[in-house]
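These notes concern the structure reproduced below.
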């Protein structure tokens with residue numbers, strides 16, 4: 229009788245970093261209106277823009293699926309990635325504004341992007357079936373970033389108190405010089421399943437789309 233031995237999973241590496249979630253708004257209406265073959269190049273353009281903004285600010289894309297992306301900044305380094313994360317998120321909002329205007333002209337569809345940022349401890353884990361494992365981020369920090377993304381309106385970037393605190397530290401280190409990207413505090417946000425509400429901030433957007 230042959231006994232198959234199952235390899236024990238490797239212990240995940242724990243580190244700190246800033247997690248960014250970005251999600252395309254208006255995709256359901258777009259997919260309903262256009263044939264699937266015409267959706268593919270639009271999604272390819274969208275994900276290409278997200279990846280380019282992430283790479284420009286030293287981030288790493290960990291997951292792309294459906295119409296959303298998860299990226300990490302400062303993961304596995306000595307930096308927390310907060311400044312890089314908010315710059316990447318702000319660039320995504322700016323760049324997608326032009327894309328959305330063109331999609332509106334060419335496809336008569338309103339589209340936008342919502343973004344969530346949270347900083348904290350994450351685990352780097354290798355997940356998936358044998359032969360197809362991928363490194364990804366796991367933990368409460370990931371969940372909070374995803375919830376903030378879900379809460380953000382189209383054209384809006386929401387960041388948590390831990391990101392805001394890290395950005396204030398950057399500003400203090402630079403002699404309290406103004407941050408190149410302004411953000412405003414919003415009322416506390418209650419996350420389903422968490423015991424206490426979360427202090428959140430918002431990067432003001434020149435234009436928001438309501439879906």
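In the working numbering, the protein residues as written are 229 to 439.
We put the beta carbon where it would ideally sit given N, CA and C, even for glycine.
Could you check if residue i is buried or exposed, using at least 16 other CB atoms within 10 Å of its CB as the buried criterion?
{"i": "residue 393", "result": "exposed"}
{"i": "residue 423", "result": "exposed"}
{"i": "residue 380", "result": "buried"}
{"i": "residue 285", "result": "buried"}
{"i": "residue 353", "result": "buried"}
{"i": "residue 261", "result": "exposed"}
{"i": "residue 231", "result": "Model confidence at residue 231 stands at a pLDDT of 47, short of 50, so the residue's coordinates are unreliable and nothing is read from them."}
{"i": "residue 355", "result": "exposed"}
{"i": "residue 388", "result": "buried"}
{"i": "residue 396", "result": "exposed"}
{"i": "residue 400", "result": "exposed"}
{"i": "residue 428", "result": "buried"}
CA-CA distance, residue i and residue j?
{"i": "residue 391", "j": "residue 267", "result": "34 Å"}
{"i": "residue 426", "j": "residue 382", "result": "21 Å"}
{"i": "residue 385", "j": "residue 344", "result": "6 Å"}
{"i": "residue 409", "j": "residue 308", "result": "17 Å"}
{"i": "residue 256", "j": "residue 310", "result": "31 Å"}
{"i": "residue 243", "j": "residue 302", "result": "9 Å"}
{"i": "residue 241", "j": "residue 312", "result": "22 Å"}
{"i": "residue 366", "j": "residue 417", "result": "22 Å"}
{"i": "residue 378", "j": "residue 371", "result": "11 Å"}
Can you check which of these residues, the options, is closest to residue i by C-alpha distance?
{"i": "residue 280", "options": "244, 262, 324, 245", "result": "324"}
{"i": "residue 421", "options": "326, 429, 260, 368", "result": "368"}
{"i": "residue 253", "options": "283, 294, 265", "result": "294"}
{"i": "residue 431", "options": "283, 289, 322", "result": "322"}
{"i": "residue 246", "options": "347, 362, 412, 265", "result": "347"}
Along the beta strand (DSSP E) that carries residue i, what are the first and last residues, could you check?
{"i": "residue 346", "result": "340-355"}
{"i": "residue 360", "result": "Element bounds for residue 360: n/a, residue is neither H nor E."}
{"i": "residue 250", "result": "241-253"}
Locate the alpha helix (DSSP H) running through residue i, then write down its first and last residues.
{"i": "residue 272", "result": "264-284"}
{"i": "residue 327", "result": "310-335"}
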